[in-house]
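Engineer: Chain order of the listed sequences is A and B. 112 is the number of the first residue of the first sequence in the numbering used here; add one for each residue after it. 8 is the number of the first residue of the second sequence in the numbering used here; add one for each residue after it. Just so it is clear, CB atoms sit at the ideal spot from N, CA and C, and this is done for glycine as well. These numbers were taken from a predicted model, which means no experiment stands behind them.
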Amino acid sequence: MRNLFIMLIFSALTQCVYAQDKYTISGEIVDAASGEALIGATIYSSATGQGAVANEYGYFSLTLPAATYDFTISFIGYTSDERRIDLNKDMRLKIELSETIEVIGEAVITAKQQDEVQHTQSADMGTVNVRMETVKKLPALFGEIDVIKAIQLLPGVKTVGEGSSGFYVRGGKADQNLVLLDEAPIYNASHLLGFFSSFNPDAVHDIQLYKGPIPAKYGGRLSSVLDIHMKEGNKKKFELNGGIGTLMTRLAVEAPLTDKGSFILAGRRSYLDVLANAYRRIAKDEEDLGKLYFYDLNAKANYQLSENNRLFVTGYFGRDVIQFDEEGLDIAWGNSTATARLNTVYSPKLFSNFTYYFSEYDYYLKFDDDIQVFDWSANLREHSAKMDFGAYLNPQHSLRFGLQSIYHQIKPGQIQSIKNDEVVDDFNIQMNRSVENAIYLEDEWTKDKWKVRVGIRGSNLMNLGKYEEYVLDDKYEITDTVQHDKGVYNTYWNAEPRLSARYTINDKSSVKVSYNRTAQYIQLASNGNSSTPFDIWFTSNNVVKPQLADQWSAGYFKQWNDAMFNFSAEVYYKKFTDAIDFKDHARLLLNKNLEGELRRGIGRSYGLELLLKKEKGRLTGWVGYTISKSETKVKEINNGNWYNSKSDKPHDLSIVAAYALKKRVSIGATFVYSTGVPATFPTGRYVFRGQAIPIYSERNGERLPDFHRLDLSLTLRSRKNETRRLQSEWVFGIYNVYSRKNAFSIDFQQESTAPYTTYAEKSSIFSLVPSVTWNVKF
Amino acid sequence: MKNLCFYIFILCSIVGCYQERIDLDLNDNENKLVVITGFVSTLDTFPTINVSYTVEYTGPLKSDPISNATVEMTDGQNTYVLEETTPGKYKSTTSWNPIIGAQYDLLVRIGQKEYTSSHKLYSCPAIENLQSKRIDNWEDEDDTTHVYEVFFDFQENPEKGDGYYGVSYTKGSPIGDTLFVGGFVNDDIGNGLYFEEVGITDYDHLHARGDTAIVEIYSIGTESVDYLDEIAAETFRGGPFDPPPANVSTNITGGAVGYFMVADARSSTFIIR
């Protein structure tokens, strides 16, 4: 059936080509040094004003009438390639672009057309592509480059705790972001309780964040998609990248696999425990300090099976470990993913990507006091198969369509108490299983000054038995149970329309509007002010309806001075339906009746995002500012009144700059300012039986003090010449240069001498933090 | 855990985390709420109700009593009028004749405004087989004498909806009126069972040999256990799994805060040997 479907499309596309005497130029645009695909690179004919953008797999297709064209092939940070092509037949090209090396002196000539196409001429809004070269220029906490910390500097993206690698997009929650690593979702994208993200910068090629109209191929989360592509591995030569930093060491090896493929292997490990044990040894203390570390491993290989088929295999494994033998404490958590992808070019105008992935997040805690063992484990597993097609009908018209099926299996928690090798207590929250399906179609066409992209995604969730469902009364108490046998016992369907349109004012500016609906069927049971590794995901079911979000946005986009400067102003309004929050005093940990702790309501967020970017010259960077509001309303919470969302920070400013002082010396700086995060503080108290009881005004009704911080970095690179393969750089950084004591939290304490006398205490976690990192490339 | 603390210390040394006392004026003096509290047990001869306003959260604890209120408690058969003995404290003028299973209604009138509450008097089982045990390997090196806790047996009522608050303290100690020296539990698990060797002694207030230990059990019902549970959640904050701060519930109508409960209670004494 599937083959017949493809044949029909293939046939239609072929007839379309020859009937109009047009030919298609297609292929890949790659990095000349590594052979890596350049996602988002463009091929553009200025004479016709028509071009194409390489898709997320690096493939492009452009169909034009037979003629001779002068094409400009370009990509940010790469020297543009001008070439004349006599298009008298279908052509398949592999175009190589060389990275622009020197950034001193004259303003670097790069990618004027690409910027025009992407920034003002595409239908994309709220979409940001972050290149690792940009991320590497920014100062970083402990000198450790972090892709998620970089996107936190963009307008509309917020964080609620200093140093945290969680992020919140346009009023959404942290679990409303779909974080993908080579198509596989990462369910807990952080290490060391959130200070570092799970992504090794040496293994990451490219990051795409969608916070506005989300393309129809993505689904399952309400607020954003962070699509991270791993490097493919150097196809031309052996390459080694690594670094030794204040808290961790990393190493990545990449090399060709014959002349048809390549691979990359990358790993990181933190060594706080190694440093601590070394300190103890110097202090001649024999006590074993145990282990506290994290590590992650990335592996990816690709192989050209035939001219039209390429296979990619990706694996990720990350783990955090806390282990103290003397105390009998053993805690670990982490993600694992495996992805296999097959890219197929059916014709110059029809491209497909088949993906299978497996993703798992799990944790366990073990306490062993030599008498009794307490063992707690939980996990989430997901298998998925999906098929994505791209049909490039003509330069003005393209189609994307596909389908996906995901099998979720969640084991929320099992606790065993073991004494003398016998299980004396076994507490097990039943496993739940579900299947999430989606089918989508997206059509994009250009006419005169308009470019319109219309998509529809049909999604559904099917809860699977065996499962014991709790029947709740109006007080959310369990009144009965229903036993569901094997098979589907509950189904939800949702249609998710996606629309974005661009109107070109002139060749330098445009306005865009968009609307999109997203549905979310799996969410995180997290209730505290910060996520913990022990939060568990749960699916919608008979009691918990899927959450929906509708977002409307409009924006003005402009670029000038040969695309040296880009500016955008976007306004958005987002409405959440069946938004969930947890009741006051909710207990989520190992709660069999988690649904009884949930309350349903509505949410809204709206704001204005301004972004001014300078992408060329000695000074590059951006200024981003957001003014926004994000609120939730639930009948049973806060007396049914609107209350601030956890991420509601009305003012948010980021200034990011990188300046090339000399050929081998550059400095980087970031400054961030934001309104303090909402908090709930007591405003009064009374006494009951000797106990002072706080009175709170409203949920999230107060705020921590405003947050601001300046970070600086200095990068010194080794001399570069043809005969020297080893390149290295020293990166010196200062995080929080003026040692601002930003509040991480405010708690209330009692005077030790007067227990009823209370005072407020502010906790800060980062003062001035210097760092040194040595990076090497061979 | 000691090692984990060491790592936190190392990390904090690197990053410079610290605490700082700050001035934070959050006190809402313009929107004070009426507070009505009552913990009336069958151990009391004359029921007492406290009526006041909420006071500032930070700084020393002040009191803001409400005088001249009208306070009445009734079980449907008997009405008890409570009169102000000291500012804000209202005490029954007649001795209490508790009726197990009765619903007790409270009415407080302040000016023209009325506040009401209601609570059932649940029966309390007897405290049986009171005994003490020495805790082995007690690690408090500063105090090697206060190492005894008391235990008792207990027949839980067969009906659902029971909840218990219990406290164990040394006679003469003022801690008997301190909420979290005791513990509380409802009958969700073990309804109707006979419990043996139930221990409720707070480890910060263990008994010494020769002490007269007092054990008190109050039957307060499930809803009141939930109330104590919420107070505990708000009092002992700071854990990674803590929910956001929230007001504890109240069973007082009319916009007041506080709680009214009546409890059948048992009290036993035991000399630690």
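Looking at the structure shown, is A:H954 part of a helix, part of a strand, or coil, going by DSSP?
Structural biologist: No statement about residue 954 of chain A is possible, as the shown extent of chain A runs from 112 to 889 and does not include it.
Engineer: For B:Q119 and chain A, any beta-carbon pair shorter than 7 Å?
Structural biologist: As a first step, residue 119 of chain B must be located in the second sequence, where it is residue number 112. No, B:Q119 does not count as interfacial toward chain A.
Engineer: Does the stretch 692-701 of chain A touch the stretch 722-739 of chain A, meaning 3 or more C-beta pairs lie closer than 8 Å?
Structural biologist: As far as the Cβ criterion goes, the stretch 722-739 of chain A does not touch the stretch 692-701 of chain A, which means the pair count is below three.
Engineer: Does the ligand GDP have a heavy atom nearer than 6 Å to the CB of B:D143?
Structural biologist: You won't find the ligand GDP in this model; it holds no ligand whatsoever.
Engineer: Roughly how many whole angstroms lie between the Cα atoms of B:G217 and B:V157?
Structural biologist: Locating residue 217 of chain B in the second sequence gives position 210, where the first residue counts as 1. Locating residue 157 of chain B in the second sequence gives position 150, where the first residue counts as 1. Between B:G217 and B:V157, the C-alpha separation is close to 13 Å.
Engineer: Checking contacts by CB at 7 Å: is B:F53 closer than that to chain A?
Structural biologist: Counting from 1 along the second sequence, the entry for residue 53 of chain B is found at position 46. No, its Cβ sits nowhere closer than 7 Å to a Cβ of chain A.
Engineer: Does the CB of B:T61 have a neighbour CB from chain A at under 7 Å?
Structural biologist: Here the question's residue 61 of chain B lines up with position 54 in the second sequence. Output row for B:T61: interface = yes.
Engineer: Report the residue ranges of all beta strand (DSSP E) runs contained in full by the stretch 233-279 of chain B; include only those spanning at least 3 residues, in chain order.
Structural biologist: Listed in chain order, they are 264-278.
Engineer: Should A:N638 be flagged as near chain B, meaning a C-beta pair shorter than 7 Å?
Structural biologist: The residue labelled residue 638 of chain A in the question sits at position 527 within the first sequence. Judged by the 7 Å Cβ criterion, A:N638 is in contact with chain B.
Engineer: Tell me the DSSP bridge mates of A:P644?
Structural biologist: On the first sequence, residue 644 of chain A is found 533 positions in, with the first residue counted as 1. Answer by DSSP bridge pairing: none, since A:P644 is not bridged.
Engineer: Taking 7 Å as the limit between beta carbons, can you name the residues of its chain near A:I117, skipping five residues before and five after?
Structural biologist: Indexing the first sequence from 1 puts residue 117 of chain A at position 6. Reliability of the predicted coordinates at A:I117 is poor, the pLDDT of 49 falling under 50, and no value is obtained from them.
Engineer: Can you give me the Cβ contacts of A:S651 inside the same chain, cut-off strictly under 7 Å, excluding the 5 residues immediately before and after it?
Structural biologist: On the first sequence, position 540 is the one that residue 651 of chain A refers to. L572, Y603, Y632, P657, listed in sequence order.
Engineer: Beta-carbon of B:V115 versus every beta-carbon of chain A: anything under 7 Å?
Structural biologist: Residue mapping note: residue 115 of chain B aligns to position 108 of the second sequence, counting from 1. Chain A contact via Cβ: absent.
Engineer: Which chain B residues sit within Cβ distance under 9 Å of A:E872?
Structural biologist: As a working note, residue 872 of chain A is residue 761 in the first sequence. Near A:E872 (Cβ distances below 9 Å), the residues of chain B are Q26, E27, R28, I29.
Engineer: Which bits of chain B does A:Q802 rub up against, with CB to CB less than 8 Å?
Structural biologist: Translated into positions along the first sequence, residue 802 of chain A becomes position 691. Those are T185, L186, F187, I238, T242, listed as they occur along chain B.
Engineer: Listing by chain order, which chain B residues have their CB less than 9 Å from the CB of A:P805?
Structural biologist: Position 694 of the first sequence holds residue 805 of chain A. Within chain B, the residues near A:P805 are Y64, E241, T242, P252, N254, V255.
Engineer: So for B:S231, helix, strand or coil by DSSP?
Structural biologist: Along the second sequence, one-based indexing puts residue 231 of chain B at 224. Three-state result, B:S231: helix.
Engineer: How is A:T245 classed by DSSP in three states: helix, strand or coil?
Structural biologist: For the purposes of this step, residue 245 of chain A is identified with residue 134 of the first sequence, where counting begins at 1. In the structure shown, A:T245 sits in a helix (DSSP, three-state: H, G or I).
Engineer: Within 7 Å (strictly less), CB to CB, does B:P67 reach chain A?
Structural biologist: For the purposes of this step, residue 67 of chain B is taken as residue 60 along the second sequence, with counting starting at 1. Yes, B:P67 counts as interfacial toward chain A.
Engineer: In its own chain, which residues sit with a C-beta less than 7 Å from the C-beta of B:N85, not counting the 5 before and 5 after it?
Structural biologist: As a first step, residue 85 of chain B is located in the second sequence; it is residue number 78 there, counting from the start. These residues qualify, in order along the chain: N104.
Engineer: Tell me which same chain residues have a C-beta within less than 7 Å of the C-beta of B:F53, skipping the five on either side of it?
Structural biologist: Position 46 of the second sequence, counted from the start, is the residue given in the question as residue 53 of chain B. Once the five neighbours on either side are set aside, the close Cβ partners of B:F53 are K98, S99, S102, W103.
Engineer: Which stretch, first to last residue, makes up the alpha helix (DSSP H) that contains A:K260?
Structural biologist: Working through the first sequence from its first residue, we reach residue 260 of chain A at position 149. Run containing A:K260: 258-262, per the alpha helix (DSSP H) assignment.
Engineer: Counting only C-beta atoms, is A:G795 closer than 7 Å to chain B at any point?
Structural biologist: The residue you call residue 795 of chain A lines up with position 684 of the first sequence. Yes, A:G795 lies at the interface with chain B (some Cβ there is under 7 Å from its Cβ).
Engineer: May I have a chain-ordered list of the alpha helix (DSSP H) segments no shorter than 4 residues that lie completely inside the stretch 836-876 of chain A?
Structural biologist: Complete alpha helix (DSSP H) runs here, min 4: none at all.
Engineer: So, helix, strand or coil for A:T211, using DSSP?
Structural biologist: Reading the first sequence from its first residue, position 100 is the one you call residue 211 of chain A. In this structure, A:T211 counts as coil in the three-state DSSP scheme.
Engineer: Just tell me which of A:T688, A:S679, A:K686 has its CA closest to the CA of A:L737.
Structural biologist: Counting from one through the first sequence, the residue named residue 737 of chain A turns up at place 626. Residue identity differs from the one stated: residue 737 of chain A is Thr in this sequence, not Leu. It is A:S679.
Engineer: So with CB distances below 7 Å, who are the chain B contacts of A:K852?
Structural biologist: For the purposes of this step, residue 852 of chain A is identified with residue 741 of the first sequence, where counting begins at 1. Chain B residues near A:K852: E27.
Engineer: Could you tell me whether any Cβ in chain B is nearer than 7 Å to the Cβ of A:D695?
Structural biologist: The residue labelled residue 695 of chain A in the question sits at position 584 within the first sequence. Yes, A:D695 lies at the interface with chain B (some Cβ there is under 7 Å from its Cβ).
Engineer: Quick one: list the residues of chain A neighbouring B:Y266, beta-carbon separation under 8 Å, in chain order.
Structural biologist: For the purposes of this step, residue 266 of chain B is taken as the residue at position 259 of the second sequence. Those within 8 Å of B:Y266 in chain A are F799.
Engineer: With a threshold of 6 Å on Cβ separation, who are the neighbours of A:P881 within its own chain once the five nearest residues in sequence on each side are excluded?
Structural biologist: Position 770 of the first sequence holds residue 881 of chain A. The residues are I845.
Engineer: State yes or no: is the C-beta of A:Y134 within less than 7 Å of the C-beta of A:D181?
Structural biologist: On the first sequence, position 23 is the one that residue 134 of chain A refers to. On the first sequence, position 70 is the one that residue 181 of chain A refers to. Contact: no.
Engineer: Look at the Cβ atom of A:D763, then the Cβ atom of A:S785, and state whether they are nearer than 7 Å.
Structural biologist: The count along the first sequence starts at 1 and reaches residue 763 of chain A at position 652. The count along the first sequence starts at 1 and reaches residue 785 of chain A at position 674. Yes, the pair counts as a contact, with Cβ atoms nearer than the cut-off.
Engineer: Measure the CB-CB distance between A:N490 and A:D473 and report whether it falls below 7 Å.
Structural biologist: Within the first sequence, numbered from 1, the residue matching residue 490 of chain A stands at position 379. Within the first sequence, numbered from 1, the residue matching residue 473 of chain A stands at position 362. Against a cut-off of 7 Å, the Cβ pair of A:D473 and A:N490 comes out as a contact.
Engineer: May I ask you to verify whether the stretch 502-513 of chain A touches the stretch 671-690 of chain A, counting CB pairs closer than 8 Å and requiring at least 3?
Structural biologist: Output reads no: the stretch 671-690 of chain A does not touch the stretch 502-513 of chain A.
Engineer: Can you look up A:I526 in the DSSP assignment and give me helix, strand or coil?
Structural biologist: Taking the first sequence and counting its residues from 1, the one referred to as residue 526 of chain A is at position 415. The answer is strand: DSSP assigns A:I526 an E or B state.
Engineer: Taking a contact to mean a Cβ-Cβ separation below 7 Å, would you say B:R116 touches B:T61 in this structure?
Structural biologist: Sequence index remark: in the second sequence, residue 116 of chain B carries index 109 (1-based). Sequence index remark: in the second sequence, residue 61 of chain B carries index 54 (1-based). No.
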